[in-house]
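The sequence shown begins at 1 in full-length UniProt numbering and counts up by one.
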Amino acid sequence: MSATRAEHAKAVAGSDVASAKVLMVGAGGIGCELIKNLVLCGFRDIEAIDLDTIDYSNLNRQFLFRAAHVNRPKVEVARETVLSFPHDAGTRIVAHHGNVKAAQFDLDYFKQFTIVLNALDNIDARRHVNRVCLAAGVPLVESGTEGYLGQVTVIKKGESECYECQPKSDNKKTYPICTVRNHPDKPVHCIAWAKELLFKKVFGGEETDLVDNSEAAPAADGAPEQPAAAAPPAPKLELQPGESARHFAARVFEAVFAADVRRLLAMSSLWKERAPPAPLELAALVPALDALPVDSPDEDQAAWSVAESAAVFVGALVRAFELRGVRVGQLAFDKDDVECLDFVTAASNLRSAVFGIPAQSRFKVKEIAGNIIPAIATTNAVIAGYIAIEALKVLRAGGSTAQCASAFLCRALSGKRKDRMIVSTRLNPPAAHCFVCGSASVTVQLDLRTATGALLVQEVLIKKLAFHQPNLTKGDRGLYESGDLDEDEVAIEEAKLGKLLTEPPFSLRTGAMLNVSDQSQSLDCELIVVHAEIDVEAHPLGFIVHGADSIGVRRDAGGAGSAGPSGANAGDDSDIEMLDSAPVPASDSTPTARKQARSRRSPSARAPRTASN
1 MSATRAEHAK AVAGSDVASA KVLMVGAGGI GCELIKNLVL CGFRDIEAID LDTIDYSNLN
61 RQFLFRAAHV NRPKVEVARE TVLSFPHDAG TRIVAHHGNV KAAQFDLDYF KQFTIVLNAL
121 DNIDARRHVN RVCLAAGVPL VESGTEGYLG QVTVIKKGES ECYECQPKSD NKKTYPICTV
181 RNHPDKPVHC IAWAKELLFK KVFGGEETDL VDNSEAAPAA DGAPEQPAAA APPAPKLELQ
241 PGESARHFAA RVFEAVFAAD VRRLLAMSSL WKERAPPAPL ELAALVPALD ALPVDSPDED
301 QAAWSVAESA AVFVGALVRA FELRGVRVGQ LAFDKDDVEC LDFVTAASNL RSAVFGIPAQ
361 SRFKVKEIAG NIIPAIATTN AVIAGYIAIE ALKVLRAGGS TAQCASAFLC RALSGKRKDR
421 MIVSTRLNPP AAHCFVCGSA SVTVQLDLRT ATGALLVQEV LIKKLAFHQP NLTKGDRGLY
481 ESGDLDEDEV AIEEAKLGKL LTEPPFSLRT GAMLNVSDQS QSLDCELIVV HAEIDVEAHP
541 LGFIVHGADS IGVRRDAGGA GSAGPSGANA GDDSDIEMLD SAPVPASDST PTARKQARSR
601 RSPSARAPRT ASN
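Following this line, the structure appears as structure tokens:
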């Protein structure tokens, strides 16, 4: 009788497989394959954390889930399904449906595990788990996939580089709101406008002006230019009592693609060095509005013409109001919702036509608006297998990473002889320049004349540097505190955020050296604040960070791995963050790809925050 998979695993790692206490973070594409591997290899004590719920779009690659499971927590269904497989008696799996950054998953919680296995799909959560595992001294197997590419590496404090030793890119760009509202010049600007501004105005109940009047230049006589002189401000885009959906769609079209464009044309200073926009007229594009079919078009790969986009725009609005009229005013964009995607695609293409920008296919708009990187089931399966292999190596070595390696799944045959799809490299030592596992300081440049506590704490520390509950001190003087506070203390700390950094309680001058600590991550670092005049076009967030190689990311409203509609959660007056385009990796047989593999710039490092694995 042949040996079982669990017996083979025990032969490799010894009895530690059954006695090891394993934490798996993430139960999506990689996590489904990984938890199956762990159970079939004989691991008996497993805990898993995941915040997400099952969506229909998961079913083509996350094979532990079925249609009947839609809207249920992934981690709970994954547990139920794998326990139906043949497994060792006494196997214990605990499923936690929640955010890995929640208070219950603190440092003491992580310390109880023999090893932690990451199967996450966003940089923010990875950085948090990386920091907690370093503080707890627990080995971490990190992984990621991006299309055909995948990567696995092992992290342990003092033995190998951590997740933040190498630069990370989330393939996102931040666009100034004035560019998106007034003078777009790229398809992504138009998609951001359609998704983040127009959709929320029409369907989400948000009050926002689609034209940024702040860019109006002074007139020759010194009086302010009146940007709306050619047309009055657009009325609220709400369905009126007794108004038909078709008439409302026509009114929205006129307001945003004609009246608002004329308002922009009135800002003559904007068009001195730019081609001016051209208003659109619905009657010229859709002559027979009342007879217009409102079905969703079948074409997904080719860009629609201007007339086709106008027809789809009207049809999507009509369907939305007829099918879900009661919910209009509370809708959020969902890339898998036909009406949502049709509306955003058509609106962005009409916006592109106004400004002479190439139109995009519905497939491309979904890719950008949904921040999607195509996921491939076999890539997830291969990487999950390598996670299990590296975990067995760590157990065999008694917790050491000495026998471990980083593995890269390539898109084409690679290696010296071009005969390998998977290339492995030695683990790199910890990087001295890393402020997380090394002792490097971080320098932030910002304009101290205008910078507030909110910019420093919320934008720099939390969003850019991924601190969870930062505390800020200067010498023996406390500047800002977060974490376990009562309501009165929270109110006091929040009030500080509105203060200028040059005012009490901060009272900072250029060159100020601050200490940033985060008890939830057991992390301390030195932060140097330097005054600089910031070019907001080049750095729209209003600051520049040096010394932190990892590039931070903005969170979704739901936090790490949040379920629900995809995309940025930009406010009306903030800059808009969008995935410029889904990355198309070069062939791994090219010199560039080989160089990237050697320099350890892994696929997981390049994956966007909401990359779908």
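Beta carbons: idealized from backbone N, C-alpha and C, even for Gly.
Contact under 7 Å by Cβ, residue i with residue j
| i | j | result |
| --- | --- | --- |
| K474 | L500 | no |
| D55 | K74 | no |
| L239 | F253 | no |
| I376 | V152 | no |
| residue 665 | L134 | No information on residue 665 is available, as it lies outside the stretch 1 to 613 that the chain covers here. |
| I534 | V141 | no |
| V436 | C178 | no |
| T33 | A381 | Here the sequence assigns Glu to residue 33, which means Thr is not the residue at that position. Result yes, Cβ atoms of E33 and A381 sit closer than 7 Å. |
| A303 | A359 | yes |
| H539 | L448 | no |
| H183 | L270 | yes |
| N471 | S517 | yes |
| H87 | V77 | no |
| A391 | I115 | yes |
| A320 | E339 | yes |
| R181 | D212 | yes |
Residue i, enclosing beta strand (DSSP E) - first and last residue
| i | result |
| --- | --- |
| S143 | 140-146 |
| K21 | 21-25 |
| T153 | 149-155 |
| residue 614 | Outside the shown range of the chain (1 to 613) lies residue 614, about which nothing can therefore be said. |
| K474 | 471-474 |
| Y163 | Per DSSP, Y163 belongs to no beta strand (DSSP E) and is neither H nor E. |
| I544 | 543-546 |
| D50 | 45-50 |
| E526 | 523-531 |
| G478 | 477-480 |
Beta-carbon separation (whole angstroms), residue i vs residue j, contact threshold 8 Å
| i | j | result |
| --- | --- | --- |
| F408 | V423 | 5 Å |
| S482 | E493 | 6 Å |
| A454 | L497 | 4 Å |
| F543 | V460 | 6 Å |
| P297 | V312 | 6 Å |
| T401 | V132 | T401 to V132, Cβ: 18 Å. No contact. |
Close-in-space but distant-in-sequence residues of the same chain around residue i (CB under 6 Å, 5 per side omitted)
| i | result |
| --- | --- |
| R362 | D300, T345 |
| I93 | I46, R79 |
| V82 | I35, K36, V39 |
| H96 | I49 |
| A223 | At A223, the pLDDT of 47 sits below 50, so the modelled position is not reliable and the matter cannot be decided from this model. |
| G385 | none |
| T145 | T379, N380, I383, N613 |
| T425 | S406 |
| A220 | Its pLDDT being 45, under 50, A220 is placed unreliably in this model, and the coordinates cannot settle the point. |
| D16 | L395 |
Minimum C-alpha distance to residue i - residue among the options
| i | options | result |
| --- | --- | --- |
| D476 | I376, P505, E459 | P505 |
| E526 | K201, H546, L264 | H546 |
| N60 | G29, F85, E390 | G29 |
| E7 | E459, A102, L38 | L38 |
| L446 | E481, I528, R417 | I528 |
| L282 | R246, A302, S296, D295 | R246 |
| C190 | A495, K101, A369, A491 | A369 |
| L465 | P293, D342, P167, L210 | P167 |
| C404 | P241, K156, A250 | K156 |
| A18 | R44, R263, L392, E339 | R44 |
| Q519 | S84, F467, L479 | F467 |
| Y109 | V129, D16, S406, S84 | V129 |
| V444 | A512, F343, D336 | A512 |
| V442 | L117, S268, A432 | A432 |
Limits of the unbroken alpha helix (DSSP H) element including residue i
| i | result |
| --- | --- |
| E76 | 74-82 |
| H189 | 187-192 |
| R262 | 260-265 |
| C434 | Careful: C434 lies outside any alpha helix (DSSP H) and carries neither H nor E. |
| H97 | Unbroken run through H97 is the beta strand (DSSP E), 92-97; no alpha helix (DSSP H). |
| R274 | Taken as a continuous stretch (DSSP letters only), R274 belongs to no alpha helix (DSSP H), as it is neither H nor E. |
| V354 | 338-355 |
| I123 | 123-136 |
7 Å CB neighbourhood of residue i in its chain, flanking five on each side removed
| i | result |
| --- | --- |
| L456 | L501 |
| G356 | A275 |
| G399 | P139 |
Same chain, Cβ closer than 8 Å to residue i, neighbours up to 5 away in sequence not counted
| i | result |
| --- | --- |
| T208 | L197, K200, K201, D572 |
| L280 | F253, F257, A258, V261, V306, A310, L350, A353, V354 |
| A229 | Interpretation of A229 is limited by its pLDDT of 40, a score under 50 that renders its predicted location unreliable; the figure taken from the coordinates is listed afterwards. For A229, where only same-chain residues beyond five positions count, the Cβ hits under 8 Å are A266. |
| L285 | V306, A307, A310, A311 |
is_contact[residue i, chain B] using C-beta, thresh 7 Å
| i | result |
| --- | --- |
| G415 | In the structure shown, chain B cannot be found, because there is only a single protein chain. |
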